[in-house]
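2 protein chains.
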Amino acid sequence: MSKSETKVLHALERVGGFASAQELHMVLKRNQEAIGLTTVYRALQSLVADKSVDLLRREDGEAIYRLCGDAHHHHLVCKNCGKTVEIEGGVIEKWAQKSGEEHGFRDIGHTAEIFGICSDC
Amino acid sequence: MSKSETKVLHALERVGGFASAQELHMVLKRNQEAIGLTTVYRALQSLVADKSVDLLRREDGEAIYRLCGDAHHHHLVCKNCGKTVEIEGGVIEKWAQKSGEEHGFRDIGHTAEIFGICSDC
DNA sequence: AGCAGAAATGGAAATGGTTGTCATTTTCAA
DNA sequence: TTGAAAATGACAACCATTTCCATTTCTGCT
Ligand SMILES: [Zn+2]
Ligand SMILES: [Zn+2]
Ligand SMILES: [Zn+2]
Ligand SMILES: [Zn+2]
Numbered sequence: 868m869s870k871s872e873t874k875v876l877h878a879l880e881r882v883g884g885f886a887s888a889q890e891l892h893m894v895l896k897r898n899q900e901a902i903g904l905t906t907v908y909r910a911l912q913s914l915v916a917d918k919s920v921d922l923l924r925r926e927d928g929e930a931i932y933r934l935c936g937d938a939h940h941h942h943l944v945c946k947n948c949g950k951t952v953e954i955e956g957g958v959i960e961k962w963a964q965k966s967g968e969e970h971g972f973r974d975i976g977h978t979a980e981i982f983g984i985c986s987d988c
Numbered sequence: 868m869s870k871s872e873t874k875v876l877h878a879l880e881r882v883g884g885f886a887s888a889q890e891l892h893m894v895l896k897r898n899q900e901a902i903g904l905t906t907v908y909r910a911l912q913s914l915v916a917d918k919s920v921d922l923l924r925r926e927d928g929e930a931i932y933r934l935c936g937d938a939h940h941h942h943l944v945c946k947n948c949g950k951t952v953e954i955e956g957g958v959i960e961k962w963a964q965k966s967g968e969e970h971g972f973r974d975i976g977h978t979a980e981i982f983g984i985c986s987d988c
């Protein structure tokens with residue numbers, strides 16, 4: 868784990884939910900542990916590759932990142948405040964695999980996210 | 868329906884699956900009905916607003932579009948050629964609703980797509 | 001048909017997130 | 001210590017998408 872990856876992990880912890888690379892860069896700046904924006908992107912890349920961080924996309928396509936457990940899971944996200952709950956997706960895994968196989972696809976993957984308004988909002 | 872929207876719809880019909888704005892622009896060029904790239908983007912915007920066209924994102928965040936029915940459905944998409952099958956998601960609807968309710972969320976929506984390589988690729 | 005205003009069009013320039021380049025700095029084992 | 005390898009970061013390059021704006025096309029009216 869490089870020094871910059873550690874810093875980015877701290878920023879992700881402080882943020883809690885999903886945040887973009889540039890937002891994380893600003894968080895780090897405010898916290899006297901600034902690192903280069905390029906380095907933030909590089910750190911996020913390897914954290915995602917290590918499956919320490921989840922990557923998904925905002926509606927405009929911008930990448931957002933979140934600190935997550937290693938096990939495969941999905942998210943329930945509040946559209947208002949960003950509060951996020953990790954969700955088990957056993958049903959989804961089967962549905963995706965079965966649907967793909969039925970149509971002769973291979974190397975099957977999937978995405979599935981739930982969004983709504985949480986009880987605090 | 869403007870002239871350019873009609874042309875883009877034709878291109879989407881010919882393509883069948885998901886394609887990016889730039890790919891559709893090239894398709895139109897090859898077919899002697901070229902229009903400006905800017906106009907392709909504009910046409911796609913209003914077609915998506917009208918819900919005549921579905922929009923999703925490739926892994927790198929690039930937007931891809933497809934002519935779709937109005938009924939709610941999900942997709943099985945070939946990452947290589949864009950070939951697409953519409954998939955019933957009854958299981959998913961229940962999973963999303965139930966998971967959201969269990970955590971006290973309301974106004975619950977979801978996304979779910981399957982990706983893979985089709986038998987022709 | 002003739003005309004004015006509105007809408008559509010498209011090329012060029014701007015935008016903005018992300019990645020590539022490369023010189024410099026840091027790390028670390030021998 | 002010392003030299004190779006990895007990490008870092010400023011800057012430039014990239015590329016999908018949007019904005020700008022001048023020109024063209026459409027539409028309703030006389
Ligand atoms: Zn909330
Ligand atoms: Zn899953
Ligand atoms: Zn295919
Ligand atoms: Zn559904």
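Chains as they are written, first to last, in the working numbering: chain A, 868 to 988; chain B, 868 to 988. Glycine residues also receive a C-beta, built at the ideal position from the N, C-alpha and C atoms.
In chain order, what residues of the same chain lie with their CB nearer than 8 Å to the CB of Ala888(A), ignoring the 5 residues before and after it?
Leu904, Val907, Tyr908, Leu911, Ala930, Tyr932
Can you determine whether any heavy atom of ligand 1 sits closer than 6 Å to the C-beta of Asp974(B), and answer yes or no?
no
Hey, Leu943(B) and Ile984(B): beta-carbon distance below 7 Å or not?
no
Does the beta carbon of Asp917(B) fall short of 6 Å from some heavy atom of ligand 1?
no
Assuming Leu891(A) and Leu879(A) are in contact, meaning their beta carbons sit under 8 Å apart, how far apart are those beta carbons, in whole angstroms?
7 Å
I'd like the list of long-range same chain contacts for Cys935(B), defined as Cβ closer than 6 Å, with 5 residues on each side in sequence excluded.
Asp921
Comparing alpha-carbon positions, which option in Cys988(B), Val875(B), Asp927(B) lies nearest Val900(B)?
Looking at the sequence itself, residue 900(B) is Glu, so the reference to Val does not match. Here the closest residue by C-alpha is Val875(B).
Does the CB of Cys988(A) have a neighbour CB from chain B at under 7 Å?
no
Hey, Arg924(B) and Gly928(A) are a contact pair by Cβ (cut 8 Å); roughly how many whole angstroms apart?
6 Å
DSSP state of His892(A), grouped into three classes?
helix
Below 7 Å on C-beta distance, what does Asp974(A) contact in chain B?
Gly983, Ile984
Spell out the partners DSSP gives Asp921(A) in its beta bridges.
Arg933(A)
Neighbourhood of Lys918(A) by C-beta distance below 7 Å, restricted to the same chain and skipping five residues each side:
Asp937
Gly949(A): contacting residues in chain B (beta-carbon distance under 8 Å)
Neighbours of Gly949(A) on chain B: none; closest Cβ ~13 Å, over 8 Å.
Round the Cβ separation of Ala979(B) and His977(A) to the nearest angstrom and send it over; I've been treating them as touching at under 8 Å.
7 Å
What does a CB cutoff of less than 7 Å around Ile954(A) pick up in its chain, not counting 5 residues either side in sequence?
His940, His941, His942, Leu943, Ile981
Secondary structure, beta strand (DSSP E): runs of 3+ residues fully inside the segment 955-988 of chain A:
973-984
Is the closest heavy atom of ligand 2 to the C-beta of Ile959(A) under 6 Å?
yes
Does chain B have any CB closer than 7 Å to the CB of Ile954(A)?
yes
Within the continuous beta strand (DSSP E) that includes His942(A), where are the two ends?
941-945
Would you say Gly936(A) reaches chain B, if we count a Cβ-Cβ gap shorter than 7 Å as a contact?
no
Kindly examine ligand 2 and report whether one of its heavy atoms sits closer than 6 Å to the Cβ of Gly956(B).
no
Distance between Glu926(A) and Asn947(A) (C-alpha atoms, nearest Å):
14 Å
Interface residues of chain B around Arg933(A) at Cβ under 9 Å?
Near Arg933(A) there are no residues of chain B at all, since even the closest Cβ is about 16 Å away, more than 9 Å.
Using a Cβ cut-off of 8 Å, pull out every chain B residue sitting near Gly967(A), in sequence order please.
Leu943, Ile981, Gly983
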